[in-house]
Amino acid sequence: MSLIPRDRRLRDLAILLGMALVLTAAFYAFPDNLAFATRVIIMMIFVLSLDFVLGVAGVSTLGHSALFGAGAYAAGLCAAHGWNEPLLGVVAGAAAAAFVALLSGLFLMRTRGLTLLMLTIAVTEVLGELANKFSDITGGADGLDIVMGPILGVFKFDFRGQVGYVYAACMLLLVFAFLRILIASPFGLAARGIKESPARMRAIGAPVYWRLVAIYTLGGALAGIAGALSAQSTSLVSPAVFDFQLSANALIMLILGGAGRLYGALFGTLVFMSVHEVAASVDPFNWLFIIGALLLAVVYVAPAGLLSLPDLVKRQLRFSR
Amino acid sequence: MSAGLQIRGLSKSFGGLAVAREINFDLAPGDRKALIGPNGAGKSTFANLLTGALTPSAGEIRLDGRDIGRLGEAARVKAGIAKTFQITTLFQDLTVRENILLPVLERRGAALRMFRRADADAQANAEVEALMAQFKLNPFAEVRVGDLAYGQQRLVEMTVALALKPRILILDEPAAGVPTGENHLITDAIAALPADLSVLIIEHDMALVFKVARAIVVLVAGAILVEGAPREIAANPRVRDLYLGSRHG
Ligand SMILES: Nc1ncnc2c1ncn2[C@@H]1O[C@H](COP(=O)(O)OP(=O)(O)OP(=O)(O)O)[C@@H](O)[C@H]1O
Ligand SMILES: [Mg+2]
C-alpha cells in the first residue's frame, strides 16, 4: 500500500496539492530569495512546455526561445502601451507565441531531425534580428522598460517579490495541471504515438503533420506564458530573450531531470538553476564545468534523467540480492 | 461499378528502378489472396502503393468504383484500407491496450479531445476489450508492447489494423520473425477474420500461404507472373523453378 491514492483523478489532485505545499514552504523558507525562486518557477513553466513538445511528442527543437521571446515581447508591448494588468499580458504572450509557433510550425513540422533543429535555430535568430531592427517598436538592443500594474487591479507587485512569487507559482500550478490533463487525453496519447512511430500514426489514419502543428502551437502558447511572466517579473524585455543559450539550457534541464514525464522538467530545472546559482557565486567563470560534469554523469548513469535514479537503484538492489 | 479493389496499370519506379510494372489486380469482398515472390520483387512496395504511403508513377486504384489513387494515407484509412507492417512499427513504449486504443480513437474521431481522459471513453474501451478478447491479448493488456514476445507483437500488429474496421486488410508478412511454434497464433487469427473482409497476405512461408489463401498472385521483378488457385500455382513449372531455385521452398 502507498500513500498515493489509486484513483487517477484523486492522485492528480494529491500531486497538485503536494506541489502547492512545496511552493508555499519555499515561500516561507527563503523569504530573501524570492526573486531567484520566481525565476526558477518561470523557467519550470518554460521547460514544461519544452517537455510537451520534445519529451512527449518527440519534436526536436533548439529554438524554443523563439516562443519564449514572442511571449515576452507581447507582454512587454502590452505593458508599454498602457495595458499593464499582468494577466492580460500573459494572455497576450500566450496568444502571440502560439501565433508564432503556428506560422513557423507550418513549415517546421514538414521537416525532421537535423534539418528541423537547424530551422528552429534559424527562426529564433530571425526573430532576434527583427527585435533589434524594429527599434521604434521594440526599443532595439536596449529593449523595453515596463511598469506593471496590480494583478486584477488589486495585488501590487511589492519590492520583496512576494506577490510576484505567488503569481508565478499559481501560473506554474495551472500550466502543470493543464499538461497533466492534456497528456492523459486522447490528444496527448496521440502525441506520444507520434513520438513512438509517426509512420504507424499515419497508418492508423492520423493526420500527423497537422497534429504536430497543433502540438507545436500549444507548446508555443505555454512557452509564451513563461516569456510573459519573465518580462513582467523583471520589468524588462530585450533581444536577449531570443538567445540560443536559453533554448540550449532548457534542453539541458529537461535531459537532466528526464524528458516526457513533466516531473523531470520540474526537477531538472530546480537542480540546474540551483547548481548554477551556487556555483556561479563561488566561481562566476567556471560554473559551466560543474553543469557539464553533472550532465555527463546523468547521461552515463541514468540516461532517462535524475528522476529515473530511484528506479535504477531499486533494480540494482534487486539484482545484488 | 464493382465492389472491392480494382487496380489497373499500377507502376512505380524509384529513380531508374521499376519496382511495380503495370500491375492489374482485383480484390473482392471476402477474398483471401496471397501475394508471393522473391525478395525484392516489390511486394511491400505494392502494399505501400495501396495504402498511400507511396505515390504511384502511373495507373489507377479504385475502391468500389471510386478513384482513391490521389488520396493521402489518412483518407485511405477512412475509405477502409488497413495494413500491417512487415517489420513491426508498434508503439513500443505504450501498453497493448494503448496501442489498440489509439486506432479506435482515431477511427471514432475522438483523437482531438483534450479535456477528457483517453481511458475514460466507455465505448472505445468496450471496443478495445472485444478486440483483445478476439486475439486472446487480455492477459497482456497492461504490458508494454516492447516487452512482449515477438509472436504476440505480430498479433497486436494485426489487432491494431483491425481496430480501424477496414474492408480491405493487407498483411505484409504477418508471420515474419515468428518462431514456428507460434505460427498457429497467426493462422488462427487469420482464420477468425470476418468473412466479408477482403484480405491480401504477403508471405514467404508457403505452408502458411496454402493454409489461408484461396488465390495466389506471383510477383517477380515488379510484374505479375501468374495468378491462380493454390493448386495451379503449386503445379506451375515457372513458379516451381523460381521457388526451388531460391532459399524459400
Ligand atoms: N524507398 C525506396 N527507394 C529506393 N528503392 C526502394 C525503396 N523501397 C524499396 N526499394 C527497392 O524496391 C525493390 C522492391 O522492394 P520491396 O520492399 O517492395 O520488396 P519485397 O518484395 O517486399 O521484398 P521482401 O520479400 O524482402 O520484403 C527492392 O529492390 C528495394 O531495394
Ligand atoms: Mg517486403
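Heads up: the sequence lines are chains A and B, in that order. Numbered per my numbering, the first sequence spans residues 1 to 321. Numbered per my numbering, the second sequence spans residues 1001 to 1249. C-beta atoms are modelled at their ideal positions from N, C-alpha and C, and glycine is treated no differently.
Proximity to residue i [Cα-Cα], best of the options
i: G18/A; options: Y263/A, L212/A, F134/A and A297/A; result: Y263/A
i: G1042/B; options: G1030/B, P1056/B, I1061/B and P1029/B; result: P1056/B
i: T1187/B; options: G1030/B, D1196/B, K1211/B and A1118/B; result: K1211/B
i: A1120/B; options: G149/A, S185/A and T120/A; result: S185/A
i: L1049/B; options: L1071/B, V1199/B and G1037/B; result: L1071/B
i: M253/A; options: I41/A, S238/A and L116/A; result: I41/A
i: E1098/B; options: L114/A, F187/A and A122/A; result: F187/A
i: V90/A; options: A203/A, A74/A, V126/A and A80/A; result: A74/A
i: A1175/B; options: D1241/B, L1193/B, L1148/B and V1209/B; result: V1209/B
i: A1191/B; options: A1110/B, A1213/B and V1178/B; result: A1213/B
i: E1129/B; options: A1110/B, V1156/B, N1236/B and D1147/B; result: V1156/B
i: L256/A; options: D51/A, G82/A and A214/A; result: D51/A
i: E1106/B; options: V313/A, A191/A and A231/A; result: A191/A
i: V1178/B; options: Y1150/B, M1158/B and P1194/B; result: Y1150/B
i: I225/A; options: A94/A, F30/A, V213/A and I204/A; result: A94/A
i: E1251/B; options: Q1153/B, L1197/B and H1204/B; result: In the structure as shown, chain B starts at 1001 and stops at 1249, and residue 1251/B therefore has no counterpart that could be examined.
i: L1102/B; options: I215/A, L127/A, G227/A and G205/A; result: G205/A
i: G260/A; options: L117/A, L16/A and L182/A; result: L182/A
i: N249/A; options: L229/A, L16/A, V275/A and S238/A; result: V275/A
i: A177/A; options: L222/A, K156/A and I215/A; result: L222/A
i: L16/A; options: V299/A, S238/A and V175/A; result: V175/A
i: R110/A; options: Y216/A, L23/A, S135/A and A25/A; result: Y216/A
i: E1148/B; options: A1195/B, V1104/B, Q1134/B and L1090/B; result: Per the sequence shown, residue 1148/B should be read as Leu rather than Glu. Residue L1090/B is the option with its Cα nearest to L1148/B.
i: F46/A; options: A72/A, D32/A, A293/A and F30/A; result: A72/A
Which residues DSSP lists as bridging residue i, in chain order
i: R1144/B; result: T1095/B
i: T1084/B; result: L1171/B
i: V1128/B; result: DSSP lists no partner for V1128/B.
i: E1022/B; result: Paired residue(s): none; E1022/B is not in a bridge.
i: A1034/B; result: I1201/B and I1216/B
i: A70/A; result: Answer by DSSP bridge pairing: none, since A70/A is not bridged.
i: K1012/B; result: A1020/B
i: G1228/B; result: I1216/B
i: I1061/B; result: I1007/B
Own chain partners of residue i with C-beta closer than 6 Å, once the 5 adjacent residues on each side are dropped
i: T138/A; result: A131
i: G220/A; result: L67, A97, A98 and A101
i: A1082/B; result: A1161, L1164, P1166 and L1169
i: S308/A; result: G258 and A302
i: E85/A; result: G149
i: V123/A; result: G63, A66 and S104
i: D1026/B; result: Q1006
i: H1248/B; result: Note that H1248/B scores 47 on pLDDT, short of 50, meaning its location in the model is unreliable; the coordinates nonetheless yield the value given after this. If we look at H1248/B and ignore the five residues flanking it on each side, its Cβ neighbours are H1204.
i: M1158/B; result: T1084 and A1189
Cβ shell of residue i (< 7 Å), same chain only, five flanking positions each side left out
i: D1172/B; result: S1044, A1047, K1083, T1084, F1085, Q1086 and I1202
i: A1058/B; result: G1009 and S1011
i: M44/A; result: L172, A265, L266 and T269
i: P198/A; result: V208
i: L179/A; result: L48, F52 and L262
i: T38/A; result: G161, G164, Y165, A168 and S233
i: A1110/B; result: D1121 and A1124
i: S247/A; result: L62, G63, H64, S65 and T124
i: V1037/B; result: Reading off the sequence shown, one finds Gly at residue 1037/B, where the question assumed Val. Answer for G1037/B: K1043, V1218, L1219 and V1220, listed in chain order.
Chain-order list of residues whose beta-carbon lies under 8 Å from that of residue i (same chain, five-residue window excluded)
i: S2/A; result: In this prediction, S2/A scores a pLDDT of 48, lower than 50, which makes its location untrustworthy; the coordinate-derived value is nonetheless stated afterwards. Same-chain partners within the cutoff: there are none.
i: A1215/B; result: D1031, R1032, K1033, A1034, E1227, G1228, A1229 and P1230
i: E277/A; result: F36
i: R200/A; result: G193
i: S235/A; result: D145, I146, V147 and M148
i: E1073/B; result: T1051, G1052 and A1053
beta-carbon residue i near ligand 4 non-hydrogen atom, thresh 7 Å
i: E1173/B; result: The ligand content of the structure shown is limited to ligand 1 and ligand 2, which means ligand 4 is not among them.
When you check each C-beta in the region 192–205 of chain A against every C-beta of chain B, which residues fall closer than 9 Å?
R192, G193, K195, E196, S197, A199, R200, M201, R202, A203, I204 and G205
Can you pull every residue whose C-beta falls closer than 5 Å to some heavy atom of ligand 1, listed in chain order?
F1014/B, V1019/B, N1039/B, G1040/B, A1041/B, G1042/B, K1043/B, S1044/B and T1045/B
Name, going along the chain, the residues of the region 161–190 of chain A whose beta-carbon falls closer than 8 Å to a beta-carbon of chain B.
I181, L182, A184, S185, P186, F187, G188, L189 and A190
Interfacial residues, the region 1205–1218 of chain B to chain A, with Cβ spacing under 9 Å
none
Going along the region 1089–1102 of chain B in order, which residues come within less than 8 Å of chain A, judged by CB to CB distance?
T1089, L1090, F1091, Q1092, D1093, L1094, E1098, L1101 and L1102
Name the residues in the region 1144–1178 of chain B whose C-beta lies less than 7 Å from a C-beta of chain A; which are they?
V1160 and L1164
Below 7 Å between beta carbons is the criterion; list the residues of the region 205–219 of chain A that meet it against any residue of chain B, in chain order.
G205, A206 and P207
Taking beta-carbon pairs under 9 Å, can you tell me which members of the region 1066–1080 of chain B lie near chain A?
Those would be G1072, E1073, A1074, A1075, R1076, V1077 and K1078, in chain order.
Chain A contacts made by the region 1035–1059 of chain B, where a contact means CB separation under 8 Å:
T1051 and A1053
Residues of the region 1100–1122 of chain B whose Cβ lies closer than 8 Å to any Cβ of chain A, in chain order:
L1101, L1102, P1103, L1105, E1106, R1107, A1110, A1111, L1112, R1113, M1114, F1115, R1116, R1117, A1118, D1119 and D1121
Near-chain A residues of the region 1012–1023 of chain B - C-beta to any C-beta below 8 Å
The residues in question: there are none.
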